[in-house]
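Down below is the structure, laid out as structure tokens.
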Amino acid sequence: MNSWLHVDWQALFHLSAPAIEIIVRGTAVYWFLFFIFRFLIRRDVGNVGIADILLLVIVADASQNAMAGDTHSVSDGMLLVATLIGWNMLLDWLSYRFIFVRKFAVPSSLCLIKNGALIRRNLRRELISDDELWAKLREQGVADLQEVKLAHLEPDGEISIIKKE
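Residue numbers (our numbering): 41 to 205.
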């Protein structure tokens with residue numbers, strides 16, 4: 041039979057590392073990246089949650105390694121993906137059930153404008169320039185800061201605006 045038709049089934053599905061090592065590696069990377077997304081780059085996330093972006097990025101990489109076959113078996117990739125999805129589902133469930141987990145996992149909204157006055161400290165903290173803020177204000181039809189009762193940076197990275205009556 042041709043050598044290109046030969047499939048080494050054992051190499052394809054046999055774990056190339058102990059299962060616990062794969063689980064620990066996946067867990068360590070998940071939580072490391074979660075902390076980076078949660079505490080450093082909140083405003084750039086957009087409409088998708090931090091944990092969702094994290095899951096997509098890591099699962100894509102883990103799946104690619106397993107599919108490409110570069111020293112990782114399909115089983116390695118499946119176990120790693122299952123570990124990552126498990127952490128994501130557990131974090132979502134814990135955030136739903138326990139407010140202290142939600143407060144840790146999901147950033148609170150941050151006031152950027154109150155009664156027409158910019159809160160510069162919060163803008164600096166989130167590295168939001170005046171141009172970026174004004175772009176969001178214009179999207180909501182705001183031409184003057186005095187029209188704004190409140191503007192908040194929301195947990196998903198969007199800016200919500202409440203106009204004065």
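Glycine included, C-beta positions come from ideal geometry on N, C-alpha and C.
It should be emphasised that the depicted structure is a prediction, and the values quoted were computed from it without experimental measurement.
- In this structure, Asp171 sits away from Leu163, with a CB-CB distance that is not shorter than 9 Å.
- Note that the C-beta distance between Val114 and Phe72 is not below 9 Å.
- Between Lys204 and Glu187, the C-beta gap is smaller than 9 Å, which places the two residues in contact.
- Assigned with DSSP and collapsed to three states, Leu167 falls in coil, not helix or strand.
- When Gly181, Arg78, Val146, Pro58 are compared, the shortest CA-CA separation from Gly117 is found for Pro58.
- A straight line joining the alpha-carbon of Leu120 with that of Leu185 spans about 49 Å.
- When secondary structure is reduced to three states using DSSP, Ala183 falls in the coil class, being assigned neither helix nor strand.
- If you check the CB distance, Ala191 and Ile139 do not come in under 9 Å.
- Take Asp132, set aside five residues on each side of it, and the residues of its chain with a beta-carbon closer than 8 Å to its own are Ala91, in chain order.
- Between Leu124 and Ile93, the CB-CB gap reaches or exceeds 9 Å.
- Counting along the chain, Ile62 sits inside the alpha helix (DSSP H) bounded by residues 59 to 79.
- Between Leu193 and Ser135, the C-beta gap is not smaller than 9 Å, which leaves the two residues out of contact.
- Note that the C-beta distance between Ile201 and Val182 is below 9 Å.
- The alpha-carbon separation between Cys151 and Pro195 amounts to approximately 11 Å.
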